[in-house]
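Chains as they are written, first to last, in numbering that gives the first Met the number 0: chain A, 0 to 467; chain B, 0 to 292. Built from N, CA and C at the ideal position, the CB exists for glycine as well. Keep in mind it's a predicted model, so treat the numbers as computed, not measured. Below you'll find the structure, written out as structure tokens, and then a few comments.
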Amino acid sequence: MTSASGAAIRDYPRRVRFPLSLLLSVVLLAIAVEGHLKGREWAGEAGLLITSMLLMLWAGLVSGHLKQVLARPEGSLAPHYGMVQLRVALIVVSPPLVFAIVGALLAGLSLVASLALVLLVFSIYWSWPYFIEHGNLLMLFGPSLFFMVSTLTELPREDNWNAWLKISGSGTAYCLLAIVFSLALSAFTMRRMLRLSESSFEYRFDPSICWRSGSSPDSDTPFIALFQNLLPWFGRYSLQPRLSVYRAGVLRRIAHWRRGMGPRSPMVSGLSMALLMALMGMFFLIYKERHSHAETGLMFIYLVMLPFNRYGHSQRRRTYLEREALFPVARERFVRELGYASSFDIFSSWCFLCLGTVALRMLGLFATVSWNSIPYLFLLSLGTTLLGIGFSPWFLRFNGDKLPALILSLLLLIVGGCAGLALRSSVGFSGWGAWLSIVLLLCGLGALTAYLGYRSWGKLELGRRDLW
Amino acid sequence: MSETVLRTQAVEKRFGEKRVLNGVDWSVPRGSVVGLLGRNAAGKTTLLKLALGLLRADHGQIELLGEDPWELSDETKSRIGYVPQEYHPYPWMTPREVLDYIAAFYPHWDALFIDELLRKWELDSDTLSKDLSVGQRQKLGLLAALGNLPELLILDEPAASLDPAARRAFLELVLEVVSEGERTVIFSTHILSDLERVADRVAILREGRIVYDDDLDSLKDSVKRMRIVSTSELPRDLDIPGLLHSKVQGREAVISVICENGSLAKELERRFAAQVQVQELNLEDIFLEMSHD
């Protein structure tokens, strides 16, 4: 092994995320093995969950690291740099990958499904210009959590779950399509990645620059970056508000609203949501949906997508708030702009989510989901979202830091998920009173924490008592 | 071995609708310290990136150390050093780790030289790179570019983001390094004091072309401002060879011109039946005249 390869390998343990992930993997595996040896009922399900988590974890981490080290001038100018990095990444990712695939096969998963899962996740990460952000991490755990919720709540205990997991013919076709798509996307991105200039690095790969300048704040919105990478002209037509363009009137007013949300329009976020829903829908097909299983899955999508997107926007909006707080602007303006932005934002997301659900249902996915469950799901996601936005000021001290944001996002999902599951099993999708009560409770908590949080932040961080 | 380290011929580059470089012909002789001068957004960074193969030209030919920069061999890569405008080291590494990491990719890395500079430049080698100041990061970038003892060192406005004191200190470091060995240095800047301090040759980029490429002293000697006072009305179009800029008002004109020879003033006196006053220009005035639209 050359000294260059040695240096590249030694770089992995230097980053905390790799030892931590290794530790997490070992712990998870130990739990699964212990359960299996003692014949626990949940051990098989946990095996599936752990396998998918490990696959995604390593695919995400290694591809993220790889992008960071390649997208630099050294990537083009240092001898052998790119090939050494790729070779070492392959070495690092191979043992957990092989282990996970073997584990998946032993657990009864189809090989083609395992490969599709790995490649799809890897290509998404790989093609994502921005590396680890809280959204990225959520993407990492989101599908895993989806499997966990759907598996643990809906798995028919009397059946052999291996049979339940058998892949259907159409599922195989989807998997093969996913593999081809992933390979093509990865190859395309790799070609670009190896030729990236240092200006690209500055603009696209430094999260602190993204956050602080607000010039490319889409790092928290999944798939937008993927679009940007796939379609270079995408950014040009992304409805970025340039206030000078909008001379007056309604357009200028809308531009002001959108400014509060960051440069990208919620329509783009909506498109990204629709794509993510389609991907999740694909997983439904692969794993053969059942009636109640589909409903739970849809609920999970609603729980993930709205809080996820809105939380991202609220964090972005905070950046604007922080910047504008330096100017002598009345607090009413802040409140008004943030209010407009939030309403517009959530409404548009809700529209896209509804449209996505209808489209998927017409395509045959979620065909067993009742129409009248959708408003309830939206209510729940709205409550969870507002709760999340409410808590976000408490994390302002860690602005730009992914870990608190991740923890908050996960807490939200757990709270929202528990509330939703409890409501569905107790009152179903017909008890308006119970659902509204829960939502109002979540919104009330969100409003209270938002008030206290922003006040505390304004006072402590900005030294302004008049902000709230 | 070629005496020209970089040669560009009719190089063009567009970004969307915007044409940044419009037929650049330029050559850099071995062993020279060349300042690439141009106003903001003149295309200096683009030209340097094209030269390094970090961008691809739309048209034209580029030769860097005898090779196409887009297809540089590993052997040639090991002879080049590059410091970008803002160096972003690996944020999870300390400067020492950054240098060790980069060193591993080069067959000839002078660790002793780098260690000495690391101590001399008082770079905090135990702090994570992401916590370094801008000045410290630039120093680290220069160290990372120097360790392989490059024949060609390319610096893209390396001191632009530094304050005057830090910039002076940084350029002194560059000078110190440049003075050792037969090294070709190309650096872009729009700060003329930097240029005067370091460069022995200057290339001026204007409207996407190299409009001047010669010794710094020749530049100072050749560019003059002349005040022409004629006995009769002067034509709007003076048609003077090497004319950079002119302002004609009736019988008077003020021109800036590149004098190919010392007899231009006398020629103008004869041609326009006028008195001609020649004014020497400092580098800043020369730059302003040459980059005048």
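Minimum Cβ-Cβ distance from residue i to chain B less than 8 angstroms
i	result
Glu33 (chain A)	no
Tyr80 (chain A)	yes
Ser2 (chain A)	yes
Arg14 (chain A)	yes
Glu132 (chain A)	Confidence in Glu132 (chain A) is poor, its pLDDT being 39 and thus under 50, which makes the residue's placement too unreliable to answer from.
Leu444 (chain A)	no
Cutoff 8 angstroms: residue i Cβ touching any chain A Cβ
i	result
Phe271 (chain B)	no
Leu51 (chain B)	yes
Ile185 (chain B)	no
Ile190 (chain B)	no
Asp73 (chain B)	yes
Met92 (chain B)	yes
Short CB-CB distance (under 8 angstroms) between residue i and chain D
i	result
Pro83 (chain B)	Note that chain D does not occur in the displayed structure, where the protein chains are A and B.
Contacts that residue i makes with chain A (C-beta to C-beta distance below 8 angstroms)
i	result
Ile101 (chain B)	Glu73 and Ala77
Per DSSP, cross-strand counterpart(s) of residue i
i	result
Gln278 (chain B)	B:Arg224
Thr183 (chain B)	B:Leu151
Asp213 (chain B)	B:Val201
Trp25 (chain B)	B:Thr7
His244 (chain B)	B:Ser255
Thr188 (chain B)	B:Leu36
Ser229 (chain B)	B:Ala273
Trp81 (chain B)	Going by the sequence as given, residue 81 (chain B) is Tyr instead of Trp. Answer is B:Ile153, bridged to Tyr81 (chain B).
Lys12 (chain B)	B:Leu20
Arg208 (chain B)	B:Arg205
Pro66 (chain B)	The residue you asked about is not Pro; residue 66 (chain B) is Glu in the sequence shown. The partner list for Glu66 (chain B) (beta bridge, DSSP) reads B:Leu63.
Listed by chain order, chain A residues near residue i by CB distance under 9 angstroms
i	result
Lys76 (chain B)	Ser75, Leu76, Ala77, Pro78, His79 and Tyr80
Phe295 (chain B)	A query on residue 295 (chain B) cannot be resolved here, the shown segment of chain B reaching from 0 to 292 and no further.
Ile79 (chain B)	Leu76
Neighbouring residues, chain B, relative to residue i (Cβ below 9 angstroms)
i	result
Pro5 (chain A)	One point to set straight first is that residue 5 (chain A) is Gly, not Pro, in the sequence displayed. The contacting residues are Ala103.
Query raised in the report: Contact between the region 184-191 of chain B and the region 34-42 of chain B: three or more CB pairs below 8 angstroms?
Result: Because the criterion of three Cβ pairs below 8 angstroms is met, the region 184-191 of chain B and the region 34-42 of chain B touch.
Query raised in the report: How about the region 84-99 of chain A and the region 65-74 of chain A: do they share at least three Cβ pairs that are nearer than 8 angstroms?
Result: Enough Cβ pairs lie closer than 8 angstroms, so yes.
Query raised in the report: Does the count of Cβ pairs from the region 133-140 of chain B and the region 42-61 of chain B closer than 8 angstroms reach three?
Result: In this structure the region 133-140 of chain B does not touch the region 42-61 of chain B; the number of beta carbon pairs closer than 8 angstroms is below three.
Query raised in the report: Any chance the region 159-175 of chain B sits against the region 7-22 of chain B, with 3 or more Cβ pairs inside 8 angstroms?
Result: Flag = no, the region 159-175 of chain B and the region 7-22 of chain B do not touch.
Report task. Would you mind listing the beta strand (DSSP E) stretches within the region 25-62 of chain B that are 3+ residues and don't spill past its ends, in chain order? Result -> Listed in chain order, they are 32-36.
Query - Ordered list of alpha helix (DSSP H) runs contained in the region 92-142 of chain B, each at least 4 residues - result: You should have 94-102 and 110-119.
Query raised in the report: Are three or more beta carbon pairs between the region 256-269 of chain B and the region 216-223 of chain B nearer than 8 angstroms?
Result: Contact annotation: the region 256-269 of chain B touches the region 216-223 of chain B, with at least three C-beta pairs closer than 8 angstroms.
Query raised in the report: Contact between the region 87-95 of chain A and the region 1-10 of chain A: three or more CB pairs below 8 angstroms?
Result: Yes: at least three Cβ pairs fall under 8 angstroms.
**Report entry** contact_flag[the region 137-149 of chain B, the region 113-129 of chain B] where n(CB pairs < 8 angstroms) is 3 or more
**Finding:** The answer is yes - the region 113-129 of chain B touches the region 137-149 of chain B, with three or more Cβ pairs under 8 angstroms.
Query raised in the report: Does the pairing of the region 224-232 of chain B with the region 69-88 of chain B give three or more beta-carbon distances under 8 angstroms?
Result: The region 224-232 of chain B is not in contact with the region 69-88 of chain B.
Report task. Determine, using beta-carbon pairs with one atom in the region 423-440 of chain A and one in the region 372-385 of chain A, whether at least three such pairs fall under 8 angstroms. Result -> Contact between the region 423-440 of chain A and the region 372-385 of chain A is present, with at least three C-beta pairs closer than 8 angstroms.
Query raised in the report: For the 8 angstroms Cβ check, are there 3 or more pairs between the region 195-213 of chain B and the region 23-30 of chain B?
Result: A contact exists between the region 195-213 of chain B and the region 23-30 of chain B.
Query - Sufficient close CB pairs (3 or more, under 8 angstroms) joining the region 146-156 of chain B to the region 93-110 of chain B - result: Contact between the region 146-156 of chain B and the region 93-110 of chain B is established, with three or more Cβ pairs separated by less than 8 angstroms.
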